[in-house]
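Student:
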Amino acid sequence: MARLGGSKSIVLAALAAAVAVPFGLLWRTQRTLDRTRAEVAREQEIPATIRTLGRASVPGAEIIASASGFRDAAVFGGRLYAASSNTLWEYDAGGAVTNRYVCGLDLPPAPLTKLAVGLAGGAREQELFVATRGGGLVAFDGRSFRQILPARQEYRNITALLPLDSGQLLAGTESGGVIAWDGARFTHFHDALRGARVTALAGSIESLWAGTMDEGVIHLRAGQVERFSEEQGLPDRHVLSLASRGETAWAGTAMGIAEFRAGRFQRTLAEGTFARALLEREGMLLAGTLDEGIAEIPLEARQPRPRVAPRAGEGEVEALLETGGAVHAVLRDGLAARTERNGDWKKIAGIEDAPLTDGNIAALAVEPGGRLWVGYFDRGLDILDPGSPRAIHREDEHLFCVNRIVPRKDGAIVATANGLVLTGAEGRTRQVMTRREGLIASNVTDVLADAEGMALATPAGITFLSPGGPQSIYAFHGLVNNHVYSLAREGNRILAGTLGGISVLDNGMVKASFTTANSGLGHNWVSALAVVGGEFFAGTYGAGVFRFDGALWRGFPDSREGFTVNPNAMAVTEGAVYAGTLGKGLAVYSRASGRWGFSTAGLPSENVTALAAANGFLYIGTDNGMARMPERSIALP
141 MARLGGSKSI VLAALAAAVA VPFGLLWRTQ RTLDRTRAEV AREQEIPATI
191 RTLGRASVPG AEIIASASGF RDAAVFGGRL YAASSNTLWE YDAGGAVTNR
241 YVCGLDLPPA PLTKLAVGLA GGAREQELFV ATRGGGLVAF DGRSFRQILP
291 ARQEYRNITA LLPLDSGQLL AGTESGGVIA WDGARFTHFH DALRGARVTA
341 LAGSIESLWA GTMDEGVIHL RAGQVERFSE EQGLPDRHVL SLASRGETAW
391 AGTAMGIAEF RAGRFQRTLA EGTFARALLE REGMLLAGTL DEGIAEIPLE
441 ARQPRPRVAP RAGEGEVEAL LETGGAVHAV LRDGLAARTE RNGDWKKIAG
491 IEDAPLTDGN IAALAVEPGG RLWVGYFDRG LDILDPGSPR AIHREDEHLF
541 CVNRIVPRKD GAIVATANGL VLTGAEGRTR QVMTRREGLI ASNVTDVLAD
591 AEGMALATPA GITFLSPGGP QSIYAFHGLV NNHVYSLARE GNRILAGTLG
641 GISVLDNGMV KASFTTANSG LGHNWVSALA VVGGEFFAGT YGAGVFRFDG
691 ALWRGFPDSR EGFTVNPNAM AVTEGAVYAG TLGKGLAVYS RASGRWGFST
741 AGLPSENVTA LAAANGFLYI GTDNGMARMP ERSIALP
C-alpha cells in the first residue's frame with residue numbers, strides 16, 4: 141500500500157506540474173493582453189480636466205455687449221436655447237428671453253460654436269452640450285455648467301457635435317479629428333479621422349459621416365472607410381453642412397449639395413447653392429443658404445428644382461433643426477419657425493440690441509470724460525458715450541479695418557488698413573490720407589501724434605507728417621525692417637517695432653537697431669511697444685515681453701516660456717503693465733514686484749486684441765467682445 145500511495149503521489153505531482161505549465165502560460169498571456177489593452181486605452185484617451193463653473197468673481201467687471209449673430213440652437217428641458225458667439229440665450233415658449241449666460245462671466249472665455257442635446261455615458265438625464273472655440277466642451281444639466289477641457293489645444297476648438305445612441309457624444313475639432321465623450325473621458329473615435337479638420341457630423345455609430353475643411357467627406361461604415369472629394373463627384377472638397385436619413389446622406393458645399401445612397405455618390409442637387417445648413421423632412425431637403433434664405437428641394441423628383449421659401453428670414457442661415465415635429469431655422473438675426481399650414485417661415489425670436497456693433501475688436505481708446513472709441517477688424521468704428529444704450533457707428537471704404545485710434549480734442553486720428561483717417565467728434569470722416577497723399581503705404585499700423593506732427597508705422601516703413609509735408613524712411617535709411625508694427629516715443633527718441641527687430645530713432649534718424657543676433661531680444665517680430673517709467677517694454681510675437689533701459693534689452697525671469705502679444709495690445713498704468721495675448725488672456729505685470737502673471741477671469745475670450753486704461757478702469761477688447769473692469773479688481777502677481 142505504501143508503494144501504491146507513493147506512486148499515486150508521484151502521479152498527482154506530475155499531473156499538477158503538467159497542469160501548472162499551461163495555467164502559468166495562460167496567466168502570463170492574460171497579463172500581457174491586459175497590459176496591451178491598458179496601453180491601447182491610454183493611447184486612445186485624451187487627457188482633460190473637468191470643473192464646475194461659477195460666475196466669475198471679478199468685482200465690478202462687466203461685459204459690454206456686442207452684436208453677435210446666432211450660431212446654433214437646441215430645445216432642452218422644454219426651453220429653446222440659442223448660441224451666439226458670446227452668449228447662450230434661453231427663451232420661453234413665447235419667444236421671451238428668460239436667461240442669458242455670458243462668456244467670461246458664466247461660461248468659459250471662448251466663443252460658442254455648436255449646441256447638442258443628449259445622454260453621455262451612464263447619465264440618467266439629458267444634458268445640453270455647448271461646443272466652444274478654445275474652451276473645449278461645456279455640459280449644462282439645467283442647474284449648473286461643467287467645463288470639460290482637453291489638455292491639448294487641438295482638441296479644444298470644437299466645430300461639430302453629434303450625440304450617438306451608444307451613449308457617446310462625438311465632437312469634431314478644428315484640427316484634431318473626431319473625439320468621443322462618454323461622460324467620464326475623451327477618447328479618439330477612429331484612427332481614420334485623426335487630424336481631420338472637421339466641419340460637420342451626421343449619421344449614427346453604424347454609418348457615420350464627417351465633413352471636412354479640405355478632405356471632402358469621410359464615411360465610416362461596417363469597419364470600412366470611404367472618402368469622397370471632387371474626383372468622386374463632390375461639388376467642392378470644403379464641406380459646410382451634413383444631413384442624413386437612413387442610408388441616404390447629403391453634403392452641403394459652396395457649389396451645391398451632394399447626395400449619397402448606400403455609401404455611394406448619387407447626384408448633385410441645387411448646383412451652385414451655397415448650402416450652409418441642411419435638414420431632410422418628409423421627402424423635402426431644406427437648405428439654408430448664405431444670402432438667399434431657405435431653399436426647399438423635392439427629393440423624389442428626377443431633376444429637383446429648388447424653391448426658396450417665402451419670408452425665410454434675412455441674411456445667413458446658420459442651422460436648421462427639427463424638434464417635436466417643428467422645424468426651426470437659426471438665422472444670423474434671430475430664430476424662425478416653419479408654419480405647417482403653408483410652409484412659410486415666421487420669426488419667433490430676435491437678437492437683443494447691443495451697445496457695440498461687433499465683437500471682433502482691434503483697437504480701443506478712451507477720452508478723459510469716459511467716451512469710448514472702439515475699432516473693429518472689419519466693421520469700422522464705434523463711439524460709445526457713458527450711459528448710452530447704443531454706440532454711434534461709422535464705416536466706409538476707408539474706415540473699415542482699424543489698427544489704432546488716437547483721440548484728439550475735435551475727433552480722432554484713426555490708423556486703418558486703407559489709410560489714415562481724420563474724423564470729427566462724431567466719427568465722421570473729414571480727411572483721408574493714403575499713398576496718393578504721400579504716405580509710404582496706405583496701410584497704417586500705428587500712429588504717434590503731437591502738436592508738431594505725426595509718425596505713421598506702415599508695412600513699407602515710417603512716414604513723418606509735419607507742416608512741411610510727408611517724409612518717409614525705410615530699410616535704405618537704416619530701418620531694421622520695412623514692416624513696422626508699433627511705435628513708442630519718449631522725448632525725441634522713437635522706437636519702431638518691426639517684423640525683423642527694433643530700430644531706435646532720434647529726431648527721425650536711425651541711430652541703432654536691435655535683433656536677436658546682437659541683443660537680449662527673444663524674438664525679432666515685435667508687435668507692441670510701450671514706455672514704462674523711463675524704459676521701453678516690447679511685446680513680441682512668441683517670446684513674451686522684453687525691457688530696454690536705453691542700452692540693453694533684457695527679458696523677465698518669470699516669463700521665459702514666452703507668449704504672443706497681439707499687435708499694439710499694451711496699456712500702462714501707475715501700478716501695472718498689461719499686455720493682450722494670443723490664447724493666454726491678459727498678461728499682467730506688477731511694477732512693484734517686477735513679476736508677470738496671467739488672468740482670464742471676466743474675459744469673453746482668451747485672445748485679447750486691444751487694451752485701454754482710463755479713470756481707474758481697464759478696457760479689454762477680444763475677438764469675442766469687450767470687458768470693462770476696475771483696475772483694483774485685477775490681481776497683481
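Numbering of the sequence shown is given in the numbering used here, commencing with residue 141 and proceeding in unit increments.
We treat Cβ as the ideally placed atom computed from N, Cα and C, and that holds for glycine.
None of the values given here were measured: they were computed from a predicted structure.
#1: Tell whether a beta-carbon distance below 7 Å holds between N297 and R273.
#2: On the criterion of 16 or more Cβ atoms from any shown chain inside 10 Å, does I580 qualify as buried, or is it exposed?
#3: Report the residue from G499, I501, V457 whose alpha carbon sits nearest the alpha carbon of W485.
#4: Once DSSP output is grouped into helix, strand and coil, what is the label at N295?
#5: Buried or exposed: where does T479 fall if 16 or more other Cβ atoms within 10 Å of its Cβ makes it buried?
#6: Report the partner residues of T352 according to the DSSP bridge assignment.
#7: Rounded to a whole number of angstroms, what is the C-alpha to C-alpha distance between R191 and V278?
#8: Using 10 angstroms around the beta-carbon of R211, count the other beta-carbons present and answer buried if the total reaches 16, otherwise exposed.
#9: Assign R451 to buried or exposed, taking buried as 16 or more other Cβ atoms, counted over all protein chains shown, within 10 Å of its Cβ.
#10: Report yes or no: do three or more beta-carbon pairs, one from the segment 738-752 and one from the segment 607-626, lie closer than 8 Å?
#11: Give the range of the beta strand (DSSP E) segment to which W665 is assigned.
#12: From the DSSP output, read off the bridge partner residues of M769.
#13: Assuming V587 and I553 are in contact, meaning their beta carbons sit under 8 Å apart, how far apart are those beta carbons, in whole angstroms?
#14: Starting from the C-beta of V365, find all residues in its chain whose C-beta is less than 6 Å away, skip the five residues before and the five after it, and write them out in chain order.
#15: Rounded to whole angstroms, what's the CA-CA distance from L661 to F696? Just pull it up for me.
#16: Alpha carbon to alpha carbon, how far is L639 from A652? Give it in angstroms, no decimals.
#17: If contacts are defined as beta-carbon pairs under 8 Å, then N708 and G499 qualify, I think. What distance do you get, rounded to the angstrom?
#18: Out of curiosity, what's the CA-to-CA distance linking L374 and T408?
#19: Buried or exposed: which applies to S206, given that a residue is buried once 16 or more other Cβ atoms fall within 10 Å of its Cβ?
#20: On the three-pair Cβ rule with 8 Å, is the segment 540-554 touching the segment 664-683?
#21: Let me check one thing: in DSSP terms, what residues is N239 bridge-paired to?
#22: Exposed or buried, S606, counting other C-beta atoms within 10 Å across all chains shown (16 or more means buried)?
#23: Since A415 and T393 are thought to touch, with beta carbons under 8 Å apart, how far apart are those beta carbons, to the nearest angstrom?
#24: Quick check: the segment 697-705 against the segment 749-759, are there 3 or more CB pairs under 8 Å?
#25: Pick from A391, I491, H328, D305: whose alpha carbon is nearest that of I358?
#26: Measure the beta-carbon distance from N583 to T603 and round it to whole angstroms, keeping in mind my assumption that it falls under 8 Å.
#27: Which residues in the same chain have their Cβ closer than 8 Å to the Cβ of I440, if we skip the five residues on either side of it in sequence?
#28: May I ask which residues mark the beginning and end of the beta strand (DSSP E) holding E202?
#29: Determine the DSSP secondary structure at H359, reduced to helix, strand or coil.
#30: Tell me the DSSP secondary structure of D590 in three-state form.
#31: Can you look up F210 in the DSSP assignment and give me helix, strand or coil?
#32: Give the secondary structure of F405 by DSSP, where H, G and I count as helix, E and B as strand, and everything else as coil.
#33: Determine which residues share a DSSP beta bridge with L521 and list them.
#34: So, for Q571: in the same chain, excluding its five sequence neighbours on each side, which residues have a beta-carbon less than 6 Å away from its beta-carbon?
#35: For G356 and H468, I'd like the C-alpha separation in whole angstroms.
#36: What's the gap between the Cα of S773 and the Cα of G316?
Tutor: Let's see:
#1: Here residue 297 refers to the residue found at position 157 when the sequence shown is read from its first residue. Here residue 273 refers to the residue found at position 133 when the sequence shown is read from its first residue. Yes, Cβ-Cβ distance for N297 and R273 is below 7 Å.
#2: On the sequence shown, position 440 is the one that residue 580 refers to. By the neighbour-count rule (16 or more Cβ atoms within 10 Å), I580 is buried.
#3: Numbered from its first residue, the sequence shown carries residue 485 at position 345. Of the listed residues, the one whose Cα sits closest to W485 is V457.
#4: Translated into positions along the sequence shown, residue 295 becomes position 155. Asn is not the amino acid found at residue 295; the sequence shown has Tyr there. Three-state result, Y295: helix.
#5: One-based indexing of the sequence shown puts residue 479 at position 339. Its Cβ having fewer than 16 others within 10 Å, T479 is exposed.
#6: One-based indexing of the sequence shown puts residue 352 at position 212. In DSSP, T352 forms a bridge with V338.
#7: Along the sequence shown, read from residue 1 onward, the residue named residue 191 stands at position 51. Along the sequence shown, read from residue 1 onward, the residue named residue 278 stands at position 138. Their Cα atoms are separated by approximately 10 Å.
#8: For the purposes of this step, residue 211 is taken as the residue at position 71 of the sequence shown. Counting Cβ neighbours within 10 Å, R211 comes out buried, since at least 16 surround it.
#9: Indexing the sequence shown from 1 puts residue 451 at position 311. With a pLDDT of only 47 at R451, under the threshold of 50, the placement of this residue in the model should not be trusted, and no figure is reported.
#10: no
#11: As a working note, residue 665 is residue 525 in the sequence shown. From DSSP, W665 is part of no beta strand (DSSP E); its letter is neither H nor E.
#12: Here residue 769 refers to the residue found at position 629 when the sequence shown is read from its first residue. L758.
#13: Here residue 587 refers to the residue found at position 447 of the sequence shown. Here residue 553 refers to the residue found at position 413 of the sequence shown. Rounded, the Cβ-Cβ distance is 6 Å, consistent with contact.
#14: Against the sequence shown, residue 365 aligns to sequence position 225. Contacts found: A332.
#15: Numbered from its first residue, the sequence shown carries residue 661 at position 521. Numbered from its first residue, the sequence shown carries residue 696 at position 556. Straight-line Cα distance between these residues: approximately 11 Å.
#16: For this step, residue 652 is matched to residue 512 along the sequence shown. For this step, residue 639 is matched to residue 499 along the sequence shown. Each residue's Cα considered, the two are about 16 Å apart.
#17: For the purposes of this step, residue 708 is taken as the residue at position 568 of the sequence shown. For the purposes of this step, residue 499 is taken as the residue at position 359 of the sequence shown. Not quite, the Cβ-Cβ distance comes to about 18 Å (not below 8 Å), so this is no contact.
#18: In the sequence shown, counting from the first residue as 1, residue 374 sits at position 234. In the sequence shown, counting from the first residue as 1, residue 408 sits at position 268. Going from the Cα of L374 to the Cα of T408 covers about 8 Å.
#19: Here residue 206 refers to the residue found at position 66 of the sequence shown. Buried: at least 16 other Cβ atoms inside 10 Å.
#20: no
#21: As a first step, residue 239 must be located in the sequence shown, where it is residue number 99. Per DSSP, E230.
#22: Translated into positions along the sequence shown, residue 606 becomes position 466. S606 comes out exposed.
#23: Residue 415 sits at position 275 when you count from the first residue of the sequence shown. Residue 393 sits at position 253 when you count from the first residue of the sequence shown. So it is a contact: roughly 6 Å between Cβ atoms.
#24: no
#25: By 1-based counting over the sequence shown, the position of residue 358 is 218. Nearest option by C-alpha distance: A391.
#26: Position 443 of the sequence shown holds residue 583. Position 463 of the sequence shown holds residue 603. Not quite, the Cβ-Cβ distance comes to about 11 Å (not below 8 Å), so this is no contact.
#27: Position 300 of the sequence shown, counted from the first residue, corresponds to residue 440. The displayed chain sequence assigns Glu, not Ile, to residue 440. For E440, where only same-chain residues beyond five positions count, the Cβ hits under 8 Å are G423.
#28: Counting from 1 along the sequence shown, the entry for residue 202 is found at position 62. Looking at the DSSP string, the run of the beta strand (DSSP E) that includes E202 is 202-204.
#29: Here the question's residue 359 lines up with position 219 in the sequence shown. Strand at H359.
#30: Start at 1 with the first residue of the sequence shown, and residue 590 comes out as number 450. The answer is strand: DSSP assigns D590 an E or B state.
#31: As a position in the sequence shown, residue 210 is number 70, starting the count at 1. Residue state, collapsed to three classes: strand.
#32: Numbered from its first residue, the sequence shown carries residue 405 at position 265. In this structure, F405 counts as strand in the three-state DSSP scheme.
#33: Along the sequence shown, read from residue 1 onward, the residue named residue 521 stands at position 381. The partner list for L521 (beta bridge, DSSP) reads G515, R534.
#34: For the purposes of this step, residue 571 is identified with residue 431 of the sequence shown, where counting begins at 1. Excluding sequence neighbours, Q571 sits near L562.
#35: Taking the first residue of the sequence shown as position 1, residue 356 is located at position 216. Taking the first residue of the sequence shown as position 1, residue 468 is located at position 328. Going by the C-alpha atoms only, they are around 27 Å apart.
#36: Here residue 773 refers to the residue found at position 633 of the sequence shown. Here residue 316 refers to the residue found at position 176 of the sequence shown. The alpha-carbon atoms of S773 and G316 are separated by roughly 37 Å.
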